[in-house]
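Colleague:
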Amino acid sequence: MLSLYRPGDGILHRMPAGPKTVLVLALVLAVSLLPSSWWAAAVAATVTVAVYALAGLRDGMLGMRELGRQIAALKWVLALTIVSQLIFLGPEPAVANGTRVAAAVVLAALLVLTTPVTALLDAVERGLRPLERVRIDPQRVALVLTVTLTTVPVLARLAAQVRDAQRARGSRGSLRAFAVPFLVLASKHAFELGDALSARGVR
Numbered sequence: 002m003l004s005l006y007r008p009g010d011g012i013l014h015r016m017p018a019g020p021k022t023v024l025v026l027a028l029v030l031a032v033s034l035l036p037s038s039w040w041a042a043a044v045a046a047t048v049t050v051a052v053y054a055l056a057g058l059r060d061g062m063l064g065m066r067e068l069g070r071q072i073a074a075l076k077w078v079l080a081l082t083i084v085s086q087l088i089f090l091g092p093e094p095a096v097a098n099g100t101r102v103a104a105a106v107v108l109a110a111l112l113v114l115t116t117p118v119t120a121l122l123d124a125v126e127r128g129l130r131p132l133e134r135v136r137i138d139p140q141r142v143a144l145v146l147t148v149t150l151t152t153v154p155v156l157a158r159l160a161a162q163v164r165d166a167q168r169a170r171g172s173r174g175s176l177r178a179f180a181v182p183f184l185v186l187a188s189k190h191a192f193e194l195g196d197a198l199s200a201r202g203v204r
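Note that the working numbering has the sequence shown beginning at 2, numbered continuously upward.
1. Can you tell me which of the three DSSP states Ala56 falls into?
2. Would Arg15 and Leu58 qualify as a contact pair, given that the criterion is a beta-carbon distance under 8 Å?
3. Excluding sequence positions up to five away, which residues of its chain have a Cβ less than 6 Å from the Cβ of Gly64?
4. Please state if the CB of Ala45 and the CB of Ala104 are separated by a distance shorter than 8 Å.
5. Which of helix, strand or coil does DSSP assign to Ser33?
6. Does DSSP put Arg15 in a helix, in a strand, or in coil?
7. Could you give the DSSP three-state label for Gly69: helix, strand or coil?
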């Protein structure tokens with residue numbers, strides 16, 4: 002399974018996987034529930050910058066370089082979100098909702114950037130163990146949640162690779178020229194992930 006984990010000694014790296022998962026998901030939920038207003042957009046952006054600065058990602062810029070990479074990888078999603086809402090809802094909701102979406106995704110990415118996949122899987126499985134009483138397999142649920150969390154930043158990285166390849170060839174920023182290779186790479190990742198899970202006996 003692909004992992005985006007980056008070794009470090011920051012606050013998030015030192016936190017146990019369980020409490021860290023709860024903290025990050027609480028931040029994502031809090032950002033997602035903010036209203037569609039200018040001040041909410043400012044709060045979401047400020048929280049995101051502060052958390053990345055404290056994460057200890059060792060990128061030489063207090064996490065801002067990594068934050069920039071994560072946001073750049075989301076630019077097509079953000080462009081679609083903002084433009085569509087700008088047409089139907091107006092500038093304030095469009096900017097606020099786009100900021101909230103970006104903040105939620107890049108904050109969730111911090112979980113897999115600062116936690117090895119095995120530690121994350123073990124933490125989620127422990128947290129879901131009480132569900133065994135109602136005949137829910139915590140291992141399967143933990144695997145699904147972990148794969149979901151790790152797939153978002155992986156797809157963001159694939160999008161960044163496609164854009165870098167286009168720039169290297171001098172290609173223009175066409176949506177079609179981006180979408181086709183991105184979908185091919187995403188499909189390849191999905192098949193490889195499926196094969197890896199099948200090899201581990203997951204059906």
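The C-beta atom is built at its ideal place from N, Cα and C for all residues, glycine as well. Here the structure is a predicted model, which means the values were calculated and not measured.
Modeller: Looking at the atomic coordinates:
1. coil
2. no
3. Tyr53, Ala54, Ala56, Leu58
4. yes
5. helix
6. helix
7. Secondary structure at Gly69: helix, using DSSP grouped into helix, strand and coil.
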